[in-house]
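In this text, residue positions in the sequence shown follow the numbering used here: the first is 6, and each later residue adds one.
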Amino acid sequence: NSYTCNQFDVKQIKSEQAKDPVIQKKVKEFQQNPTRGSLVLHDGLLYKLMPMNLRSITKVKLIYIPSSMINSLLKAYHSDPLGGHFGIRRTYYKLKNKYWWPDMKQSIAQFIKSCLPCQQYNVSRFKKPGLLCPLETPAGPFQLIG
């Protein structure tokens, strides 16, 4: 019984990228003008160039994930026994250094909000506000309230 968090190999991603019409459009755009934009085609795989952090000039290559693989990737990184059912921010940070897709943060948030075990077992850590009680108004000036 061994679990691996990343079950996605390059061949599988290439195959899914070849089937994805949005990615194929991006590949054609890149081939027509390779210097424009933030995409790179390397060994038949499309990557998105992103800065390492907000202040960084250095860019890293992130695999452009086709829409058909997003759900299975999120399952592997969130719902897998090694995924840990982490929250939105932690799951995003686990994925952001390797992969990219449009609206990544939103799809991660949507996936986690629809995760049944997370909804059942993640209790709120904040105290619910109490009920409001009306205060008695003083009958005259200089009367103490309370």
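Built from N, CA and C at the ideal position, the CB exists for glycine as well.
Return yes when the Cβ of residue j is within less than 8 Å of the Cβ of residue i, no when it is not.
{"i": "Trp-106", "j": "Tyr-82", "result": "no"}
{"i": "Gln-22", "j": "Leu-50", "result": "yes"}
{"i": "Leu-67", "j": "Lys-103", "result": "yes"}
{"i": "Val-45", "j": "Met-57", "result": "no"}
{"i": "Leu-59", "j": "Ser-43", "result": "no"}
{"i": "Asp-108", "j": "Ser-72", "result": "no"}
Determine the DSSP secondary structure at residue i, reduced to helix, strand or coil.
{"i": "Gln-17", "result": "helix"}
{"i": "Leu-136", "result": "coil"}
{"i": "Ile-70", "result": "coil"}
{"i": "Pro-26", "result": "helix"}
{"i": "Pro-146", "result": "coil"}
{"i": "Pro-39", "result": "coil"}
{"i": "Phe-116", "result": "helix"}
{"i": "Pro-86", "result": "coil"}
{"i": "Arg-130", "result": "coil"}
{"i": "Glu-34", "result": "helix"}
Checking the sheet assignment: what are the DSSP bridge partners for residue i?
{"i": "His-47", "result": "Leu-50"}
{"i": "Tyr-104", "result": "Ile-68"}
{"i": "Pro-152", "result": "This structure leaves residue 152 out entirely; the chain is present only between 6 and 151."}
Would you call residue i buried or exposed, if buried means 16 or more other Cβ atoms sit within 10 Å of its Cβ?
{"i": "Thr-96", "result": "buried"}
{"i": "Tyr-52", "result": "buried"}
{"i": "Ile-62", "result": "exposed"}
(Q) When you compare the region 114–128 with the region 82–95, are there three or more beta-carbon pairs, one atom per stretch, that lie closer than 8 Å? (A) In short, these stretches touch, since the Cβ pair count reaches three.
Would the region 105–120 count as touching the region 140–148 if we require 3 or more Cβ pairs under 8 Å?
no
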